[in-house]
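Protein chains in written order, with the working numbering: chain A, 1 to 334; chain B, 1001 to 1276.
Even for Gly, the Cβ is constructed at its ideal location relative to N, Cα and C.
Quick notes on the structure that follows.
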Amino acid sequence: MGQINLTQVRKVFGATEVIPGIDLDINEGEFVVFVGPSGCGKSTLLRLIAGLEDVSDGKIEIDGNDATRLPPSKRGLAMVFQSYALYPHMTVRKNIGFPLKMAGMEPAEIERKVQHAATTLNLTDYLERRPGELSGGQRQRVAIGRSIVREPAAFLFDEPLSNLDAALRGNMRLEISELHKSLKTTMIYVTHDQVEAMTMADKIVVLQAGVIEQVGSPMELYRFPCNKFVAGFIGSPKMNFIEGPAAEPYNAHTVGVRPEHISLSKESGTWRGRVGVTEHLGSDTFLHIHSDANREPLNIRAQGEFDVAYGDEIFLTPDESRIHRFDANGLAIR
Amino acid sequence: MARAVSSRRKIGFTILGWIVGFLIFFPILWTIIASFKTEAEAIAVPPSFINFDWTLENYITVNTRSDYPLHVMNSVVISVGSTILALCIAIPAAWAFAFSPTKRTKDVLMWMLSTKMLPAVGVLVPIYLLFRDWGLLDTRTGLVFVLCMINLPIIIWMLYTYFREIPVDILEAARMDGASLPKEVAYVLLPMAVPGIASTMLLNIILAWNEAFWTLNLTASNAAPLTAFIASYSSPEGLFWAKLSAASTLAIAPILIMGWFSQKQLVRGLTFGAVK
């Protein structure tokens, strides 16, 4: 259960083509993350799979059955919304039990399953409360509870953590990953946050302007980005792109080096530069260095504490084995 | 100092509020007072306010001369019936306008509202003839139908504005949770829209209760609601000032009491769309 295949799925809103045609296979039990900048069509793609939007063209199959024209209620998928979309007039118990009630299940059976979900999600003390009386994290858990009780073929998450504060976001990320490990159900997760994509996904789908740029495991995308867009989108801080004379020795139009793949030295190195702003995080130090290699300052990540002052002269050496080369069209040269 | 000024202003506005309120209420108060006078006192100049012989005579006459309970019943059936019928049509319509709009939605909404701009008398003859041919003259059914049609645009507009305040995510969540369209409406949309539906209902019951043009023209006696009952005391010959007042008091009493108890919803209903 949970195999989803998209064939030439296209979506047009009025005169604008949001998704020109996507082919994608999502395997059973996979945690797939759709990632991309806002407006790239990732949420639309999720809504097409959910059935909340009609596809303009193409085919969506769920577990081998054509679901292209099925209404959302008949697709057997569960969705967690960015806004949580809890039913404000129902208690937590009723919210979680709602999908089961819609499925016509016996009240006793509903009660048992709601209790089970509430125990899993630490919600037992809040069952009689209404969504308005819960914190953001608790609401998020209720939304997840509502989606797991029904044992759907796949879970769809639409930027579920973007309304939470940073600390809670980290926790919920773990909880969702944990949930995926224990349920082993297909999950499709939409986010614009590449950290969420990298940490949670089995498979990342990078989208831009409705087109899939690259599909692969987080480490594949990190190591072998197929173009400049993916290279720049995956990884934090962002990859440095160096054009012009400094790229020529590498036979490329542009070379890309991740901030963590450049070593610093006060004596000698490939490129010379001056230290700009430094950000000390304790575990890492982020340096912005104005160098003769590039017009833009380079971002460098040094492990641990790194002691330099603003304006110091410094030498940079990229890790040759970790240099990414791109042609004039931004495509990776392998 | 700022405090003192603001409290003085507050007192000023309170007094002003009471004065305006009293001015608006005065005609009703005057009608109620007049209903306890004799016909002679009711037209006396200068009018007396309190110091006259209070009498219930008018109420007795009015009750013996006409069938008050029948008219109340007619008013209740017509106003409540037409509102419920209209809600049954308006809820699905407003759902479609609010949650499944098309390019033409705005136009259709404006067109519906434009029907309210037509003077009712303009369609009196055709409707009268239709009612005559279909045997609907002086029937409650006919009035329920006609008042439903008249108030439908307002009901749809009101519900449309209320529905639009409901986040569409929640309805989509219901769809994802396996709810069919009727269940989505019954379990999620309607419970969330209860305050809006309640104020729409109240406002329209009042509108229908007070509607005089169609009720006067399409009824004679059997289906005549309270509006017709009042009108029967407004005669070009003879002096029925006090009796008319008694009839009016009896006619507005039920709706006045209902309005008093549902002030909150009414205010929300009357200012719909004004505050987002």
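If I'm right that residue i touches residue j with Cβ under 8 Å, what's the distance once you round it to whole angstroms?
i	j	result
A/Gly273	A/Leu298	7 Å
B/Thr1219	B/Asp1138	5 Å
B/Ala1208	B/Ser1066	No, B/Ala1208 and B/Ser1066 are not in contact; Cβ-Cβ is about 21 Å, not under 8 Å.
B/Ala1042	B/Ser1245	7 Å
A/Gly21	A/Gly58	7 Å
A/Ile19	A/Gly41	5 Å
A/Phe31	A/Tyr189	7 Å
A/Ala117	A/Ile148	6 Å
A/Met105	A/Phe98	Not quite, the Cβ-Cβ distance comes to about 11 Å (not below 8 Å), so this is no contact.
A/Val255	A/Ala247	5 Å
Quick one: what's residue i bridged to in DSSP?
i	result
B/Ala1094	BP columns for B/Ala1094 are empty, so no partner.
B/Asn1204	Paired residue(s): none; B/Asn1204 is not in a bridge.
B/Thr1115	Answer by DSSP bridge pairing: none, since B/Thr1115 is not bridged.
A/Leu298	A/Ile289
A/Asn240	A/Val257
A/Trp271	A/Leu316
B/Gly1142	Answer is none; B/Gly1142 lacks a bridge partner.
A/Val211	A/Gln208
A/Met65	According to the sequence displayed, residue 65 of chain A carries Asn and not Met. Looking at the DSSP assignment, A/Asn65 forms a beta bridge with A/Ile62.
A/Glu17	A/Val12
A/Val35	A/Thr191 and A/Val206
A/Leu331	A/Asn227
B/Ser1006	Note: B/Ser1006 sits in no beta bridge, so no partner.
A/His280	A/Thr285
Taking residue i as the query, report the chain A residues whose CB atoms sit under 9 Å from its CB, ordered along the chain.
i	result
B/Glu1172	Arg47, Ala50, Leu52, Pro72, Met79, Phe81 and Ala85
Determine, using beta carbons only, whether residue i and residue j come nearer to each other than 8 Å.
i	j	result
A/Val33	A/Ala201	yes
B/Ile1156	B/Ala1093	yes
A/Gly145	A/Leu164	no
B/Phe1099	B/Phe1026	no
A/Val92	A/Val142	yes
A/Leu156	A/Met79	yes
A/Gly2	A/Gly29	yes
B/Val1188	A/Tyr310	no
A/Leu48	A/Lys11	yes
A/Asp158	A/Ser268	no
A/Met172	A/Gln140	yes
A/Val35	A/Ala197	yes
A/Pro131	A/Asn95	yes
A/Ala153	A/Gly76	yes
A/Met102	B/Ala1179	yes
Give me the chain B residues within the contact set of residue i, using Cβ-Cβ distance strictly less than 9 Å, ordered along the chain.
i	result
A/Ala15	Under the 9 Å cutoff, chain B gives no residues; its nearest Cβ is about 12 Å from A/Ala15.
A/Phe98	Ala1173, Ala1174, Asp1177, Gly1178, Ala1179, Tyr1187 and Val1188
A/Arg173	The premise fails here: A/Arg173 is roughly 22 Å from chain B at the closest Cβ pair, so nothing lies under 9 Å.
A/Ala169	In the sequence as displayed, the identity of residue 169 of chain A is Arg instead of Ala. Under the 9 Å cutoff, chain B gives no residues; its nearest Cβ is about 20 Å from A/Arg169.
A/Arg129	Correct list: empty, because the minimum Cβ distance to chain B is about 17 Å.
A/Arg93	What A/Arg93 touches in chain B: nothing, since even the nearest Cβ is about 15 Å away.
So which residues on chain A does residue i lean against when the C-beta distance must stay under 8 Å?
i	result
B/Met1158	Chain A residues near B/Met1158: none, gap ~20 Å exceeds 8 Å.
B/Lys1183	Met102
B/Pro1167	Ser83 and Ala85
For residue i, go through chain A and note every residue whose CB falls closer than 7 Å to its CB, in chain order.
i	result
B/Pro1191	His89
Could you give the first and the last residue of the continuous alpha helix (DSSP H) run that contains residue i?
i	result
A/Glu111	Pro107 to Thr120
B/Glu1172	Val1168 to Met1176
A/His180	Ala166 to Leu183
B/Ala1042	Glu1039 to Ala1042
A/Phe98	Val92 to Met102
B/Phe1213	Phe1213 to Leu1218
B/Phe1261	Trp1241 to Phe1261
B/Leu997	A query on residue 997 of chain B cannot be resolved here, the shown segment of chain B reaching from 1001 to 1276 and no further.
A/Leu134	Counting along the chain, A/Leu134 falls outside any alpha helix (DSSP H), and DSSP gives it neither H nor E.
B/Ile1230	Leu1226 to Ala1231
A/Ser43	Lys42 to Ala50
Just curious, the beta strand (DSSP E) that residue i is in, first and last residue?
i	result
A/Lys228	That residue, A/Lys228, is in no beta strand (DSSP E); its alpha helix (DSSP H) goes Lys228 to Phe233.
A/Lys11	Ile4 to Phe13
A/Tyr189	Thr186 to Thr191
A/Ala154	Ala154 to Asp158
A/Lys203	Lys203 to Gln208
A/Val80	Leu77 to Val80
A/Phe325	Per the sequence shown, residue 325 of chain A should be read as Arg rather than Phe. Element bounds for A/Arg325: His324 to Phe326.
B/Ile1060	Per DSSP, B/Ile1060 belongs to no beta strand (DSSP E); it is in the alpha helix (DSSP H), Glu1057 to Arg1065.
Mind listing the chain B neighbours of residue i? Cutoff is C-beta to C-beta under 7 Å, in chain order.
i	result
A/Arg141	Those do not exist, as A/Arg141 stays about 15 Å from chain B at its closest Cβ, beyond 7 Å.
A/Arg272	Per Cβ cutoff of 7 Å: no residues; A/Arg272 is ~54 Å from chain B at best.
A/Arg69	What A/Arg69 touches in chain B: nothing, since even the nearest Cβ is about 15 Å away.
Relative to the ligand ADP, is the shortest distance from any of its heavy atoms to the C-beta of residue i smaller than 7 Å?
i	result
A/Met90	Annotation note on the ligand ADP: not contained in the displayed structure, which lists no ligands.
What does residue i reach in chain B if we use C-beta pairs closer than 8 Å?
i	result
A/Arg112	The contacting residues do not exist; A/Arg112 stays about 18 Å from chain B at best.
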